[in-house]
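Read through the structure below, which is laid out as structure tokens, and then see the notes.
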Amino acid sequence: MNEERITEKLNILADAAKYDVSCASSGSKRKNENKGLGNASNGICHSYTEDGRCVSLLKILLTNHCIFDCAYCVSRKNNDIKRAAFTVQEVVDLTINFYRRNYIEGLFLSSGIFKNADYTMERLVRVAKKLRTEHNFNGYIHLKSIPGASDELMNEAGLYADRLSVNLEMPTEAGLKLLAPDKNQQDMIKPMGYLRNAIIKHSEEKKLFKKAPQFAPAGQSTQMIIGATPENDNVVLHSANYFYKNFKLKRVYYSGYVPVLADNRLPALNTAVPMVRENRLYQADWLMRFYGFKVNEIVNNAQPHLDLDIDPKLGWAIRNMQAFPVDINKSDLQLILRVPGIGLLSAQKIVSARKFGKLNWDHLKKMGVSLNRAKYFVTCNSNEFERRDLTGNNIKQFILATSQSKYLKNTQTQLNLF
Amino acid sequence: MALTTLIYDGTFEGLLSAVYEVYAHHLQLVKLHTGEWHNSALFENVITVTTDETRAARVLKGLKERVSHIGIQRLYAAHLAGIAGEDINLLGYMRYAFDSPVNIEEDYGNKYVTRVSELVRMVRREKHRMEAFVRFQQLTDGTFYAGVEPDFNVLPLLIRHFKSRYADQKWMIYDIKRKYGVYYDLHDTQFVEMDFADLNKPNSVVAAFAEDESVYQHLWKNYFNSVNIASRKNTKLHVRHIPKRYWKHLTEKI
Ligand code: SF4
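First to last, the sequence lines map onto chains A and B. Under the UniProt record's numbering, the residue at position 205 of the first sequence is numbered 205, and the numbers go up by one with no gaps. Under the UniProt record's numbering, the residue at position 100 of the second sequence is numbered 100, and the numbers go up by one with no gaps.
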């Protein structure tokens, strides 16, 4: 192995891939049944970057040569940068050797487009196939599909990969037209539709025949860049909701635009990465997927932006004071989940524990409820509760005053707040 | 009410045997003490618990009728972690389970149930950290070796994960603090103790490492540095995810 050459390639091709934020390696249940190497289960973060993001997969491009010229992308054709390309075998060797040392959960492979979509996609599929069939590799594989790739290749990709993603890149077609003139939203939607159907079909077959092959068992996901184009949160979240509903996506990732190029279609180079906004979008996304919120309750035409100062759940609560206070000892799980300061786990604990006796503030605190927020919205087995008739705005001010730093400086991307 | 001190050997069986004594003598208030008893004050009620397999098994059997299989695993994990002074809470949990007419596992209003669930969370977190932070280095004979220093004694809880994941390579995970390791020989795992002082310092045994080992370590460090996005730097978050005490065994942080 030419160490120097490989190192250089790795540096270039990891650097170019890092702006794709999805890192999840969970949702697959691939077992190690052939006494081979690896399995894919809950997805482990093996390390964290200095900016606090999870490092779970070897995330690289096969090449950063590209025939397209998307304005927001470092790899675009007209950008004067160093180019490199891995061979199929090099990617396979790196993956296996990193995996054996417990550095990673698997591979996330993407690529610039060289020659044409199918030619590129075929190489990506070949890496996955080689790992699975020649190396008995059962670790996680995420392939990013190339827009415009044929159904046959998408099908083959699904047979070897755990997850496939087609990046929408921009929340709207207009945004895409502006910044990625070579791309066409149909080229992204078509493979997403193909994958949706294939995933449904295979999972039905799997129910009938245990031996039926797996097809992208961790489903499909997509990514949108936010802050590069002027779409507001209302547009972004409705678009996400549309794709969750119509394409059965597992995840939508929101990537705060990191200025990489000077171009008058884009925010200036010194613009800050919209990290707080990105964080709020993820929180809103969680509310839609796990907390039973409808997208319209979070953003709508009257409320097109997420509040950057407070999380969207608290935002909803102070706009809907008529829904509170919630009685901890009686209310449905669905309502308890809507209380600021109570997370999924604490909500479940509350519902289990109250069968044994009435719960008071002390109990709630022990179950991990953040009383600092929850106290304005609930009653429990205690005579002490918020008696003042506070408006939503009062509450917001009180909460902000007691937890200033946490709210304003919070910049997590993969989070478990609430 | 009189306080009784139970002296036991600190093992899980010993703890179960102590539960047996509680019921055999109808004890109310109890304290646990591990090992020898030196204080011979006259008024102390002291019972020396004999660790007895049959008694322990009886207690366990009774427990199984009241607590789910998972609940028992959780108790065991909480004990195994060896956090000083916590066995008394496990004993409290078991007594509560025995004395209650219904299954109490989800009674998070009870202090023992809450404490056990906290302990389990601490142990699980350490287990997950180890699953993430183990860094194998390949030795000349092909074995993949990793040294670790977990906060709690979680090695026994790691076996299943590593055995199913790395079924086709020989590996060893060695707990440097507690001076024992787990070795997998492609078929089974076994606990090993050895004078391993040399391997504790990753760089002192370069000769024992496979040829490509340093190349991949180097590539991994490079990769780790290239995926960083400088404009998003957030050291506080970084250190919260990887506390500094783990750094010395992490290839990318050495
Ligand atoms: S096609 Fe992909 S790699 Fe090529 S310029 Fe556009 S975003 Fe970048």
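Ideal Cβ positions, reconstructed from N, Cα and C, are used throughout, including at glycine.
Ranked by how close their Cα comes to the Cα of cysteine 73/A, the residues Gly292/A, Val351/A, Phe356/A, Gly112/A have Gly112/A in first place. Of Glu126/B, Leu63/B, Thr251/B, the smallest CA-CA separation from leucine 80/B is found for Glu126/B.
With respect to the C-alpha of arginine 115/B, the residue from Ala97/B, Gly92/B, Phe133/B having the closest C-alpha is Gly92/B. Contact between asparagine 39/A and lysine 31/A holds, since their C-beta atoms are separated by about 5 Å, short of 8 Å. Annotated three-state conformation of isoleucine 298/A is helix, per DSSP. In this structure, aspartate 87/B and leucine 32/B form a Cβ contact; the two beta carbons are roughly 5 Å apart against a cut-off of 8 Å.
Residue burial is scored here from C-beta neighbours: isoleucine 141/A has at least 16 other C-beta atoms within 10 angstroms and is therefore classed as buried. In this structure, lysine 111/B has its beta carbon at no less than 8 Å from each heavy atom of ligand 1.
For the pair asparagine 329/A and lysine 358/A, the CB atoms are nearer than the 9 Å cut-off.
The Cβ neighbour count for lysine 35/A, taken over all protein chains shown within 10 Å, is under 16; the residue is labelled exposed.
Using beta-carbon distances, threonine 251/B counts as an interface residue toward chain A, with a partner under 9 Å.
Using beta-carbon distances, glycine 109/B counts as an interface residue toward chain A, with a partner under 9 Å. Only residues of its own chain outside the window of five on either side were considered, and among them Leu281, Val299, Pro304, His305, Leu306 have a CB closer than 7 Å to the CB of aspartate 233/A, listed in chain order. The beta carbon of glutamate 231/A sits no closer than 9 Å to any beta carbon of chain B. For tryptophan 316/A, the uninterrupted alpha helix (DSSP H) run begins and ends at 312-319, by DSSP.
Under the DSSP assignment, isoleucine 141/A falls outside any alpha helix (DSSP H), being part of the beta strand (DSSP E) whose first and last residues are 140-144. Residue pairing by DSSP places histidine 33/B opposite Ile7/B in a beta bridge.
Look at histidine 142/A: its C-beta is not under 9 Å from any C-beta on chain B.
Per DSSP, reduced to three states, the secondary structure at leucine 269/A is coil, with no helix or strand assignment. For serine 110/A, there is no enclosing alpha helix (DSSP H); the enclosing beta strand (DSSP E) covers residues 106-110.
For the set Ser231/B, Asn225/B, Arg245/B, Lys248/B, the Cα lying nearest the Cα of tyrosine 48/A is the one of Asn225/B. Residue burial is scored here from C-beta neighbours: phenylalanine 243/A has at least 16 other C-beta atoms within 10 angstroms and is therefore classed as buried.
DSSP, read as helix, strand or coil, puts aspartate 175/B in strand.
Note: glycine 158/A is not bridge-paired with any residue in the DSSP secondary-structure output.
The beta carbon of methionine 130/B is closer than 7 Å to those of Val148, Pro150, Val154, Leu158 in its chain, skipping five residues each way along the sequence. Spanning the alpha carbons of alanine 77/B and histidine 65/A requires a straight line of approximately 52 Å.
A residue is called buried once 16 or more other Cβ atoms fall within 10 Å of its Cβ, and tyrosine 119/A, having fewer, is exposed. With a cut-off of 8 Å, the C-beta of cysteine 380/A is classified as distant from ligand 1, since no heavy atom of the ligand falls inside that distance. Nearest C-alpha to asparagine 97/A among Arg121/B, Leu16/B, Gln137/B, Ile83/B: Gln137/B. Put simply, the CB of valine 55/A is near chain B, with a gap under 9 Å to one of its CB atoms. Closer than 8 Å at the C-beta level to chain A, one finds these residues of the stretch 158-169 of chain B: Ser164, Arg165, Tyr166, Ala167, Asp168, Gln169. Three or more Cβ pairs closer than 8 Å define a contact, and the stretch 149-163 of chain A meets that threshold against the stretch 187-205 of chain A. The stretch 326-341 of chain A and the stretch 360-380 of chain A touch, with no fewer than 3 CB-CB distances between them shorter than 8 Å. In the displayed model, alanine 210/B falls within coil according to three-state DSSP, outside both helix and strand. The beta carbons of leucine 208/A and valine 166/A sit no closer together than 9 Å.
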